[in-house]
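To start, the structure under review is shown below, and the notes come after it.
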Amino acid sequence: MYRGKPVRLILENGMVFQGKSFGAEKATSGEVVFNTAMVGYPESLTDPSYEGQILTLTYPIIGNYGVPANSKTNGISDFFESDRIHVRGLIVQDYSHEYSHWNAVKSLGDWMKEENIPGIYGIDTRMLTKILREKGSMLGKIVYDDAEEVDYYDPAGENLVAKVSCKEVIEYNYGTKKVVLVDCGVKLSIIRELIKLKVDLIRVPWDYDFNQIHYDGLLISNGPGNPDYCEITVDHIREAMKLDKPIFGICLGNHLLSKAAGAKIYKMKYGHRSLNQPVRKLGTNICYITSQNHGYVVDQDFLGEEWEPYFINMNDGTNEGIRHKTKLFSSVQFHPEAAAGPTDTEFFFHDFVEML
Ligand SMILES: NC(=O)CC[C@H](N)C(=O)O
């Protein structure tokens, strides 16, 4: 049954898709990207790395398990990846007006209304994804027949990390070993993983000079947008490398450590956004199935000679991590904290804490 106002999705190449609205009734624009996961919309919507993007989901039935309460433990949300929705819009095939789940307290549409985020359904998202795969990620907008148009918005033109990073230092004192977490738009699951392992966590803004702090290990978080906006963070990482303390980076953290190691970053045609990306550990036949959400990737050909590629994507051969040949510096392009997705690579957090 189709309810909701008529609304259109327009791509920058001029293609128009007619659908119905759910969530907030407002026009929006952003970069249209697709995720092929079957579950995980509460996690994806609140993942700060989606800032500036309109997300389309290929799994056809969305909303059927509702949205959990924003309950918190020690001040940290139990089920979300940040304190708000970061996508600028959501495109789905069949929106479930009814939901059922032990953990749900509201519908996806009601949550999006509260957070002022529009959605469009009734779109063949698999067809749309084929178009995005063919032509590459595109800008797009969701517009109402009876309302004002909006301009295309290109997230690449803005420093999104500055928008989503914490504004001041936040401490989580759960242990003795001190870990500095550079918050470029950190997913809360990363913080939950580290707290579980009982470290003393110092979460600092993306541009904070953490080299003035005495710490045992440095973790560089995920985050949205073009890594070229984070040159100051790269400078701080380069400085930190002189200390020989363990450094680990996740996703945008892989881009930033790689830049500090001399590599270049480029934008992929349509990115990796799913919960089943196969990565192989180089020099072995070990393959992990990983959770991913990134549009930019490391060109490992420019890595300094003290560095080596660590993991490789088995679908398209792109870089999935780097490591220093002799020091405890490494980073991965995928998400060991999962959320959503497989927890097979969660051991990276244990390994990192062991090194401290
Ligand atoms: N999840 C992330 O950290 C994303 C990294 C980067 N913003 C990209 O899209 O490639």
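Per my numbering, the sequence shown starts with residue 1, numbered consecutively. Beta carbons are placed, not taken as given, at the ideal position from N, Cα and C, and that holds for glycine.
Exercise for the section: Establish whether the CB of Leu257 and some CB of chain B are separated by less than 7 Å. Expected result: Although the question refers to chain B, the structure presented lacks it and comprises just one protein chain.
Problem - Cβ neighbours of Trp111 in the same chain (closer than 6 Å, five flanking residues each side left out) - result: Within the same chain, Trp111 has close Cβ partners Val67.
Practice task
Could you say which of Asn226, Met15, Pro6 and Ser44 lies nearest to Ala340 if we only look at CA atoms?
Solution key: For Ala340, the nearest C-alpha among the options comes from Ser44.
Problem - CB-CB length for Glu171 against Glu337, believed under 8 Å - result: A Cβ-Cβ distance of about 20 Å is found for the pair Glu171 and Glu337, leaving them out of contact under the 8 Å criterion.
Handout entry: Cut-off 6 Å between Cβ atoms - residues of its own chain near His101, not counting five sequence neighbours on either side
Key = Tyr65 and Gly66, listed in sequence order.
Practice task
Along the alpha helix (DSSP H) that carries Ser189, what are the first and last residues, could you check?
Solution key: Per DSSP, Ser189 belongs to the alpha helix (DSSP H) from Leu188 to Lys196.
Problem - Pro42, enclosing beta strand (DSSP E) - first and last residue - result: No beta strand (DSSP E) holds Pro42; the alpha helix (DSSP H) holding it covers Tyr41 to Thr46.
Practice task
Please determine, among Tyr99, Leu328, Cys287 and Leu90, the residue with the shortest C-alpha to C-alpha distance to Thr58.
Solution key: Selected option, being the one with the closest Cα: Leu90.
Problem - Strand pairing of Asn313, partner residues [DSSP] - result: According to DSSP, Asn313 bridges with Val279.
Practice task
Compute every distance between the C-beta of Pro48 and the non-hydrogen atoms of ligand 1, then say whether any falls below 6 Å.
Solution key: Taking 6 Å as the cut-off, one finds no heavy atom of ligand 1 near enough to the beta carbon of Pro48.
Handout entry: Candidates Leu219, Asp145 and Gly225, of which the one nearest Phe348 by Cα
Key = Ranked by Cα distance from Phe348, the options Leu219, Asp145 and Gly225 are led by Leu219.
Practice task
Apply the 10 Å Cβ neighbour rule to Ile61 and answer buried if 16 or more other Cβ atoms are within range, or exposed otherwise.
Solution key: Under this definition Ile61 is an exposed residue.
Problem - Asn319 classed as buried or exposed, judged by whether at least 16 other C-beta atoms fall within 10 angstroms - result: Buried, because 16 or more other Cβ atoms sit within 10 Å of the Cβ of Asn319.
Handout entry: Contact between the segment 256 to 268 and the segment 285 to 293 (3+ Cβ pairs under 8 Å)
Key = Too few Cβ pairs lie closer than 8 Å, so no.
Handout entry: First and last residue of the uninterrupted alpha helix (DSSP H) at His255
Key = Unbroken alpha helix (DSSP H) run through His255: Leu252 to Ala260.
Handout entry: Tyr215 to Tyr270 span [Cα, whole Å]
Key = Rounded to whole angstroms, Tyr215 to Tyr270 spans 38 Å at the Cα level.
Practice task
Report the partner residues of Met138 according to the DSSP bridge assignment.
Solution key: DSSP, once it has assigned bridges, lists Val32 as partnering Met138.
Practice task
Have a look at Pro205, Ile191 and Trp206 and flag the residue whose alpha-carbon is nearest the alpha-carbon of Val199.
Solution key: If you compare the alpha carbons of Pro205, Ile191 and Trp206 with that of Val199, the shortest gap goes to Ile191.
Practice task
Name the residue from Leu282, Asn13 and Asn285 whose alpha carbon lies nearest to the alpha carbon of Lys141.
Solution key: Measuring C-alpha to C-alpha distances from Lys141 to each of Leu282, Asn13 and Asn285 identifies Asn13 as the nearest.
Handout entry: Start-to-end residues for the alpha helix (DSSP H) that takes in Thr233
Key = It spans Glu231 to Ala240 - the alpha helix (DSSP H) in which Thr233 sits, taken as one unbroken run.
Handout entry: Opposing strand residues paired with Glu171 [DSSP bridges]
Key = Under DSSP, Glu171 forms a beta bridge with Ile202.
Handout entry: Reference Leu139, options Gln53, Leu181 and Thr129, closest by Cα
Key = The residue among Gln53, Leu181 and Thr129 with its C-alpha nearest the C-alpha of Leu139 is Gln53.
Problem - Coarse secondary structure for Trp307, derived from DSSP in three states - result: In the structure shown, Trp307 sits in a strand (DSSP, three-state: E or B).
Handout entry: Beta-ladder partner(s) of Arg273, from DSSP
Key = Arg273 pairs with Asn293.
Handout entry: Three CB pairs or more closer than 8 Å across the segment 144 to 162 and the segment 303 to 321
Key = For the pair of segments examined, the segment 144 to 162 was found not to touch the segment 303 to 321: the number of CB pairs separated by less than 8 Å stays below three.
Problem - DSSP-derived helix/strand/coil call for Ser100 - result: Here Ser100 sits in coil by DSSP.
Practice task
Determine the direct distance from the alpha carbon of Glu115 to that of Gly225, and round the result to whole angstroms.
Solution key: Just so you know, the alpha carbons of Gly225 and Glu115 end up roughly 21 Å apart.
Handout entry: beta strand (DSSP E) runs contained entirely in the segment 37 to 97, provided each spans 3 or more residues
Key = Within the segment 37 to 97, the complete beta strand (DSSP E) runs of at least 3 residues are 53 to 57 and 89 to 91.
Handout entry: Beta-carbon proximity list for Lys178, same chain, < 6 Å, skipping 5 on both sides
Key = Once the five neighbours on either side are set aside, the close Cβ partners of Lys178 are Asp200, Tyr215 and Asp216.
Problem - Host beta strand (DSSP E) of Lys178 (start-end) - result: Counted as a single uninterrupted DSSP element, the beta strand (DSSP E) harbouring Lys178 occupies residues Lys178 to Asp183.
Handout entry: Classification of Arg323 by the beta-carbon crowding that lies within 10 angstroms, buried from 16 upward
Key = Buried, since its Cβ has 16 or more Cβ neighbours within 10 Å.
Practice task
Spatial neighbours of Ala104 within its chain, please: CB distance less than 8 Å, with the 5 preceding and 5 following residues excluded, ordered by chain position.
Solution key: For Ala104, where only same-chain residues beyond five positions count, the Cβ hits under 8 Å are Tyr65, Gly66, Val67 and Pro68.
Exercise for the section: Identify which residue in Lys163, Gly30 and Tyr208 has its Cα closest to the Cα of Val180. Expected result: Among Lys163, Gly30 and Tyr208, the Cα nearest to that of Val180 belongs to Tyr208.
Problem - Integer Cβ distance of Val164 from Gly75, believed to fall under 8 Å - result: Not confirmed; about 18 Å, so no contact.
Practice task
Determine the DSSP secondary structure at Lys26, reduced to helix, strand or coil.
Solution key: In the structure shown, Lys26 adopts coil according to DSSP, grouped into three states.
Exercise for the section: May I ask whether a heavy atom of ligand 1 can be found less than 6 Å away from the beta carbon of Asn173? Expected result: Taking non-hydrogen atoms of ligand 1 into account, the C-beta of Asn173 is found less than 6 Å away from none of them.
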